[in-house]
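The structure under discussion appears below in the form of structure tokens.
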Amino acid sequence: MKEKCAYILSAKVKSVKENVAALEMEMKKLKAMVAVVEVDLEMARNELVKVEEGFLVIDSCAIIAEVCVENDDHQHLPNDNHIMPLITRNSNNK
Numbered sequence: 068m069k070e071k072c073a074y075i076l077s078a079k080v081k082s083v084k085e086n087v088a089a090l091e092m093e094m095k096k097l098k099a100m101v102a103v104v105e106v107d108l109e110m111a112r113n114e115l116v117k118v119e120e121g122f123l124v125i126d127s128c129a130i131i132a133e134v135c136v137e138n139d140d141h142q143h144l145p146n147d148n149h150i151m152p153l154i155t156r157n158s159n160n161k
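Position one of the sequence shown corresponds to residue 68 (my numbering), numbered consecutively onward.
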């Protein structure tokens, strides 16, 4: 009876060890993926800073409503083809 219990415990220990090893391998793989994503994110942030540099973006919804009411006497939706977000050059730079 003791041998049977020892065998069952041994099998359980082996199973748990294999599970831990598999999880450790998965953790290493995921950490490597996170490192790659962090690099990609930093590159994207740097690109965004370069693109935004020198530009001032104004909220297009308020401007669209104001322009449409004054010029057309009817309201346009923000996704109308002929309405574009307003981006102006920041005069404080260069």
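Here a beta-carbon is modelled for each residue, glycine too, at the ideal position from N, C-alpha and C.
Inter-residue Cα distance where the pair is residue i and residue j
{"i": "residue 76", "j": "residue 102", "result": "39 Å"}
{"i": "residue 97", "j": "residue 105", "result": "12 Å"}
{"i": "residue 79", "j": "residue 118", "result": "57 Å"}
{"i": "residue 113", "j": "residue 82", "result": "47 Å"}
{"i": "residue 110", "j": "residue 95", "result": "23 Å"}
{"i": "residue 84", "j": "residue 91", "result": "10 Å"}
{"i": "residue 115", "j": "residue 87", "result": "41 Å"}
Chain-order list of residues whose beta-carbon lies under 6 Å from that of residue i (same chain, five-residue window excluded)
{"i": "residue 93", "result": "none"}
Close beta carbons around residue i, own chain, < 7 Å, minus the five adjacent residues each side
{"i": "residue 74", "result": "none"}
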